[in-house]
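S.K.:
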Amino acid sequence: DDLSFSQSRDQLISVSFPILLGKVVIIHRKDNGKFDVGQIEKFHGVVSLFEQNVWEEAKRRHLNLERIGSVDQNLQMVFSKRADYCVTFLGVALAKIGSSKDYKDSLVIAERPLLTMPVYFTLNKKFASLLPHIEDSFYKTLRGDLSDYPELLGINRQPVKKSKVKPPSTAK
Numbered sequence: 318d319d320l321s322f323s324q325s326r327d328q329l330i331s332v333s334f335p336i337l338l339g340k341v342v343i344i345h346r347k348d349n350g351k352f353d354v355g356q357i358e359k360f361h362g363v364v365s366l367f368e369q370n371v372w373e374e375a376k377r378r379h380l381n382l383e384r385i386g387s388v389d390q391n392l393q394m395v396f397s398k399r400a401d402y403c404v405t406f407l408g409v410a411l412a413k414i415g416s417s418k419d420y421k422d423s424l425v426i427a428e429r430p431l432l433t434m435p436v437y438f439t440l441n442k443k444f445a446s447l448l449p450h451i452e453d454s455f456y457k458t459l460r461g462d463l464s465d466y467p468e469l470l471g472i473n474r475q476p477v478k479k480s481k482v483k484p485p486s487t488a489k
């Protein structure tokens with residue numbers, strides 16, 4: 318969710334419906350023969366400070382998970398064997414591992430995701446006047462043929478109330 322645990326969370330607003338279902342995955346070393354995803358609670362893991370909803374779910378599941386700065390730091394901890402695994406969203410994991418030869422050679426994403434969670438578009442409250450237009454745009458975009466986007470299937474089936482507000486003018 319990339320929202321921090323800081324007090325500034327109360328300055329954020331989100332669209333009223335999820336824009337996709339995000340897979341949160343487990344990343345571990347290929348050469349860690351002791352690691353077992355089925356018994357993940359027995360191992361030491363790390364999660365980014367900015368993945369608040371993932372952290373809350375990990376606490377609910379009683380995972381031995383520590384909050385560390387960023388995904389980059391988390392991957393470095395797994396790579397250097399200071400943590401058994403880290404958790405992050407699949408897209409982030411693919412981008413980070415794909416951009417590093419060392420990570421490609423030594424880290425692996427577990428086949429079974431830790432969880433799947435709804436992801437909402439979020440912005441600062443100072444842009445609240447734009448929210449109806451943003452929701453309208455998502456509504457139109459996410460209601461078409463979604464067969465090429467399996468991560469979107471099954472969500473956003475409830476109609477969203479259309480805004481009667483005119484889009485802001487871009488002319489100066």
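Read in order, the letters of the sequence shown are residues 318 to 489 in the working numbering.
C-beta atoms are modelled at their ideal positions from N, C-alpha and C, and glycine is treated no differently.
(1) Thinking K351 and S423 are a contact (beta carbons under 8 Å), I'd like their distance in whole angstroms, please.
(2) So, at 8 Å on beta carbons, what are the nonlocal neighbours of L448 in its own chain, with the 5 sequence-adjacent residues on each side left out?
(3) Kindly indicate the opening and closing residues of the beta strand (DSSP E) around I385.
(4) Once DSSP output is grouped into helix, strand and coil, what is the label at F455?
(5) Let me confirm a value: F444 is counted as buried when at least 16 other C-beta atoms fall within 10 Å, else exposed. Which label applies?
(6) Looking only at C-alpha atoms, which of G386, W372, A400 and N381 sits nearest to I344?
(7) Going by DSSP, which residues form a beta bridge with H263?
(8) What does E358 pair with, by DSSP beta-bridge criteria?
(9) From the DSSP output, in three-state form, read off I336 for me.
M.R.: In short, the structure shows the following:
(1) 15 Å between Cβ atoms; not a contact.
(2) Around L448, the same chain offers I330, V332 and L440 as residues with beta carbons nearer than 8 Å, after the five sequence neighbours per side are excluded.
(3) For I385, the enclosing beta strand (DSSP E) stretches over residues L382 to I385.
(4) Reduced to three states, the DSSP call for F455 is helix.
(5) Its Cβ having fewer than 16 others within 10 Å, F444 is exposed.
(6) Ranking the options by Cα distance to I344, first place goes to A400.
(7) Outside the displayed span of the chain (318 to 489) sits residue 263, for which this structure offers no information.
(8) E358 is not bridged to any residue.
(9) Collapsing the DSSP output to three states places I336 in coil.
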